[in-house]
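*Asks:* Starting off with a structure, shown below.
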Amino acid sequence: HARSRNYVSESEICKLESVPLDFGDYHPLKPITVTESKTKKMNRKGSTSSTSSSSSSSMMDPLSSVLDGTDPLSLFAAAADPVTTTATMDSTRKKRDKDDNSAVGSDFEPWSSKRGEILARYTTTEKLSINLYMGSEKGKSTSTGSAVSEKVRTRLEELDDLEEGSQKELLNLTQQDYMNRIEELNQSLKDAWSSDQKVKALKIVIQCSKLLSDTTVIQFYPSKFVLITDILDTFGKLVYERILSMCVENRVSLPDNFSPECVSDTAKETCLNWFFKIASIRELIPRFYVEAAILKCNKFLSKTGISECLPRLTSMIRGIGDPLVAVYARAYLCRVGMEMAPQLKESLNRNFFDFLLTFKQIHGDTVQNQLVVQGVEIPLYLTLYSPAIDWILQCIAYRAPEVLLTEMMERCKKLGNNALLLNSVMSAFRAEFIAARSMDFIGMIKECDESGFPKHLLFRSLGLNLALADPPENDRLQILNEAWKVITKLKNPQDYINCAEVWVEYTCRHFTKREVNTVLADVIKHMTPDRAFEDAYPQVKN
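Each residue of the sequence shown is one higher than the one before, counting from -17 in this note's numbering.
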């Protein structure tokens, strides 16, 4: 038979210790404090501190957990002054954004200042093509009663749908049509995100990243890179702000230099979910670009997340076969690396040294055959590399010690056909560094192969540095003579005036009226025939 039990005494033994309430502070909607003696301390959302003299802690009551620690009337009271709340959050966000950029000083030229120049310089009259994402019925949100597993299955089907080709190819687009389509995709990304269609937004970004593997109209590639990375930047910002908003507790944003310990579990889980989605992208180029775009989100997961990801992403680029596509991928990684962790120069340096190891690919048979098919000459092809290499070197050279710059200069010397690199070095390194070694650079310019990269462009780059910093006094006349020997032999009036415009300033800074008159007489001699000056009024005026 059942043993007899004393339910009253058992209830007394198991009952939680009660704490008397001070009715002076009592309010029916105030969270109730219930304490339990001899329990492990718990820090949970919605709990209040215990007033017991023993080392007890508060337990979270179920109603408070449902209301996320607040009751409806408190919400109304907090919303009574929305202007103050909004202003506080905006000021916190602005301050955080400012601090994020403070690691790179105002003496660093940002990518945004180069964007317009690249779009204006690298144009094409050839027809372009683009793949547009076509939405499917699967992308529509499921009903409220659907199970979580159904939602997950639907999202996986949507991602597979993209891989299987739910796209429409548009052919024979002009450059302006192409740019308009890219802008439409950018707007579609924002619209999809605002309507909570995150999978569709990811699809659009993957689709756009795939366009960066296409070099069928190769002279337009630098401009295409600028347009596509604008979309990637938008996506990266949307994801970061989304996760950041999940860390706001009681209308208080995360501190400026927050640690991963401050991030809620929900935010971390969402962040990991994004990285897992991106890791499942099958093709290398979109997987690389999309992960690089959300590199900043590693801050939510680990203090060393960015420093661990940069070397891995650098190694991923080694799998990209086309040297032009690879160098722009390196440029994008340097760009996000400088924004997120400019102190991690080791990864940036490794990126450039990897490029030097693969530099000979530029002159390989595969590239040469591609240029023959497209009817592109090697000098024009090499200029396509300039924006990417200039940017990589600018990131590396920023506040770099003289020893590193000297090492890079020596490495460039060892490479054959290195005019392209030499031009980028003179564009990226400090003017004082270049000016102090002017005769060394002139010697390197003389040894360059004229067929690969025009020497007059190299002398123009050297002249731009000498307009900002003075060379050794004993070398000044020899520098002018060596440069002008090359410049005066130029047959094309536009090439000539572009160089003369720069070197006139050098002549005025360091020489007398006699030398200036000699240079101006040479300019008149070159620009008068066939009224060539009519196409160069800005340079002549300068």
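Ideal Cβ positions, reconstructed from N, Cα and C, are used throughout, including at glycine.
1) Would you mind stating whether T470 and D422 have Cβ atoms separated by less than 7 Å?
2) Please specify which runs of the alpha helix (DSSP H), each continuous and at least 4 residues long, are wholly inside the region 316 to 382, giving them in chain order.
3) Please go through the same chain and pick out, in chain order, the residues whose beta-carbon is closer than 8 Å to the beta-carbon of L326, but skip the five residues on each side of it.
4) Go through its chain and collect everything with a Cβ distance to N400's Cβ below 6 Å, but skip five positions before and after it.
5) When you compare each of M161, W466, L338 to A308 by their alpha carbons, which one comes out closest?
6) Give the C-beta separation of I371 and L402 to the nearest angstrom, bearing in mind that I take them to be a contact with Cβ-Cβ under 8 Å.
7) Residues in the same chain with beta-carbon distance under 6 Å from N524, minus the five sequence neighbours each way, listed in chain order, please.
8) If I measure Cβ to Cβ from F415 and keep anything under 6 Å in the same chain, skipping five residues before and after, which residues do I get?
9) Classify A61 as buried or exposed, calling it buried when 16 or more other Cβ atoms lie within 10 Å of its own Cβ.
10) Determine the contact status of I374 and A413, defining contact as a CB-CB distance below 7 Å.
11) Hey, would you say P324 sits closer than 7 Å to V522, going by beta carbons?
12) Please determine, among A449, L362, Y160, the residue with the shortest C-alpha to C-alpha distance to E108.
13) Return helix, strand or coil for S(-14), following the three-state DSSP convention.
14) Assign L171 to buried or exposed, taking buried as 16 or more other Cβ atoms, counted over all protein chains shown, within 10 Å of its Cβ.
15) From which residue to which residue does the alpha helix (DSSP H) around S191 run?
16) To which residues does DSSP link L155 through a beta bridge?
17) By alpha-carbon positions, which one of G357, A418, R269 ends up nearest to Q189?
18) Mind checking which residues open and close the alpha helix (DSSP H) that includes Y104?
19) Determine, using beta carbons only, whether Y367 and C279 come nearer to each other than 7 Å.
20) Going by CA-CA distance only, name the one from F207, K185, C244 that's closest to W256.
21) For V498 and K437, what's the separation of their Cα atoms in angstroms?
22) Let's see if you can read the secondary structure: which residues bound the alpha helix (DSSP H) around V272?
23) Assign K22 to buried or exposed, taking buried as 16 or more other Cβ atoms, counted over all protein chains shown, within 10 Å of its Cβ.
24) To the nearest angstrom, report how far apart D512 and P475 are at their CA atoms.
25) Quick check: the Cα distance between S(-7) and N239, rounded to an integer number of angstroms?
26) Going by C-alpha to C-alpha distance, which of V272, T197, K250 sits closest to I260?
27) Could you check what DSSP says for M228 in three-state terms: helix, strand or coil?
28) Pop quiz: T197 and Q157 are said to be a contact at Cβ under 8 Å. What is the actual Cβ separation, rounded to whole angstroms?
29) Going by DSSP in three states, K285 sits in which element: helix, strand or coil?
30) Can you tell me whether DSSP reads V245 as helix, strand or coil?
31) Suppose you measure from the CA of P317 to the CA of Y104; what does that come to, to the nearest Å?
32) Are F217 and V187 closer than 7 Å when you measure CB to CB?
33) Helix, strand or coil, according to DSSP, for P453 in the structure here?
34) On the premise that M408 lies in contact with L444, defined as a C-beta separation below 8 Å, what is that separation, rounded to the nearest angstrom?
35) Would you mind sorting N(-12) into buried or exposed? The rule is 16 or more other CB atoms within 10 Å of its CB.
36) Just the Cα atoms here: how many angstroms apart are G301 and V349?
*Replies:* Here's the rundown:
1) Numbered from its first residue, the sequence shown carries residue 470 at position 488. Numbered from its first residue, the sequence shown carries residue 422 at position 440. Cβ atoms of T470 and D422: not closer than 7 Å.
2) Complete alpha helix (DSSP H) runs here, min 4: 327 to 339, 347 to 356, 360 to 365, 368 to 379.
3) Numbered from 1 along the sequence shown, position 344 holds the residue referred to as residue 326. Non-local C-beta neighbours of L326 in its own chain, meaning closer than 8 Å and more than five positions away in sequence, comprise I288, S289, L292, G319, ordered along the chain.
4) Translated into positions along the sequence shown, residue 400 becomes position 418. These residues qualify, in order along the chain: C394.
5) For this step, residue 308 is matched to residue 326 along the sequence shown. Nearest neighbour of A308 by Cα position, chosen from M161, W466, L338, turns out to be L338.
6) By 1-based counting over the sequence shown, the position of residue 371 is 389. By 1-based counting over the sequence shown, the position of residue 402 is 420. About 7 Å separates the beta carbons of I371 and L402, which is inside the 8 Å limit, making them a contact pair.
7) Within the sequence shown, residue 524 is the residue found at index 542, counting from 1. Spatial neighbours of N524 in its own chain (CB-CB distance under 6 Å, excluding positions within 5 residues in sequence) are listed in chain order as E483.
8) Within the sequence shown, residue 415 is the residue found at index 433, counting from 1. Leaving aside the five residues that flank F415 on each side, the residues in its chain whose CB is nearer than 6 Å to its CB run, in chain order, L387.
9) On the sequence shown, position 79 is the one that residue 61 refers to. Only weak support exists for where A61 lies, its pLDDT of 45 falling under 50; the value from the coordinates is given anyway. It is exposed - the Cβ of A61 has fewer than 16 other Cβ atoms within 10 Å.
10) On the sequence shown, position 392 is the one that residue 374 refers to. On the sequence shown, position 431 is the one that residue 413 refers to. For the pair I374 and A413, the CB atoms are not nearer than the 7 Å cut-off.
11) To locate residue 324, count along the sequence shown from 1; it is residue 342. To locate residue 522, count along the sequence shown from 1; it is residue 540. Contact: no.
12) Here residue 108 corresponds to residue number 126 of the sequence shown, with the count starting at 1. Answer by Cα proximity: Y160.
13) Numbered from 1 along the sequence shown, position 4 holds the residue referred to as residue -14. Three-state result, S(-14): coil.
14) On the sequence shown, position 189 is the one that residue 171 refers to. L171 counts as buried, since at least 16 other C-beta atoms from the protein chains shown sit within 10 angstroms of its C-beta.
15) Indexing the sequence shown from 1 puts residue 191 at position 209. It spans 180 to 192 - the alpha helix (DSSP H) in which S191 sits, taken as one unbroken run.
16) In the sequence shown, the residue the question calls residue 155 occupies position 173. DSSP, once it has assigned bridges, lists L110 as partnering L155.
17) Within the sequence shown, numbered from 1, the residue matching residue 189 stands at position 207. Closest in alpha carbon position to Q189, among G357, A418, R269, is R269.
18) Taking the sequence shown and counting its residues from 1, one reaches residue 104 at position 122. That residue, Y104, is in no alpha helix (DSSP H); it is neither H nor E in DSSP.
19) Within the sequence shown, residue 367 is the residue found at index 385, counting from 1. Within the sequence shown, residue 279 is the residue found at index 297, counting from 1. Note that the C-beta distance between Y367 and C279 is not below 7 Å.
20) On the sequence shown, residue 256 is found 274 positions in, with the first residue counted as 1. Closest by alpha carbon: K185.
21) Indexing the sequence shown from 1 puts residue 498 at position 516. Indexing the sequence shown from 1 puts residue 437 at position 455. Roughly 23 Å separates the two Cα atoms.
22) On the sequence shown, position 290 is the one that residue 272 refers to. Note, V272: alpha helix (DSSP H), 266 to 275.
23) Translated into the one-based positions of the sequence shown, residue 22 becomes position 40. Residue placement at K22 cannot be trusted, given a pLDDT of 40 that sits under 50; what the coordinates show is reported in the next sentence. By the C-beta density criterion, K22 is exposed, having fewer than 16 other C-beta atoms within 10 angstroms.
24) As a first step, residue 512 must be located in the sequence shown, where it is residue number 530. As a first step, residue 475 must be located in the sequence shown, where it is residue number 493. One C-alpha to the other measures close to 10 Å.
25) Residue mapping note: residue -7 aligns to position 11 of the sequence shown, counting from 1. Residue mapping note: residue 239 aligns to position 257 of the sequence shown, counting from 1. Computed Cα separation, rounded: 50 Å.
26) Taking the first residue of the sequence shown as 1, we reach residue 260 at position 278. The shortest Cα separation from I260 among V272, T197, K250 belongs to V272.
27) Along the sequence shown, one-based indexing puts residue 228 at 246. Coil.
28) Residue numbering aside, residue 197 sits at position 215 when the sequence shown is read from its first letter. Residue numbering aside, residue 157 sits at position 175 when the sequence shown is read from its first letter. Between T197 and Q157 a beta carbon distance of about 16 Å is seen, past the 8 Å cut, so the two are scored as non-contacting.
29) Taking the sequence shown and counting its residues from 1, the one referred to as residue 285 is at position 303. Note: K285 maps to coil in three-state DSSP.
30) Looking up residue 245 in the sequence shown gives position 263. Coil, per DSSP.
31) Start at 1 with the first residue of the sequence shown, and residue 317 comes out as number 335. Start at 1 with the first residue of the sequence shown, and residue 104 comes out as number 122. For the record, residue 317 in the displayed sequence is Arg; it is not Pro. Roughly 20 Å between the two C-alpha positions.
32) Here the question's residue 217 lines up with position 235 in the sequence shown. Here the question's residue 187 lines up with position 205 in the sequence shown. Yes, Cβ-Cβ distance for F217 and V187 is below 7 Å.
33) Counted from its first residue, the sequence shown places residue 453 at position 471. P453 falls in the coil class under three-state DSSP.
34) As a first step, residue 444 must be located in the sequence shown, where it is residue number 462. As a first step, residue 408 must be located in the sequence shown, where it is residue number 426. With 8 Å as the limit, L444 and M408 qualify as a contact, their Cβ atoms being about 6 Å apart.
35) As a position in the sequence shown, residue -12 is number 6, starting the count at 1. Result: exposed.
36) Position 319 of the sequence shown, counting from 1, holds the residue named residue 301. Position 367 of the sequence shown, counting from 1, holds the residue named residue 349. One C-alpha to the other measures close to 16 Å.
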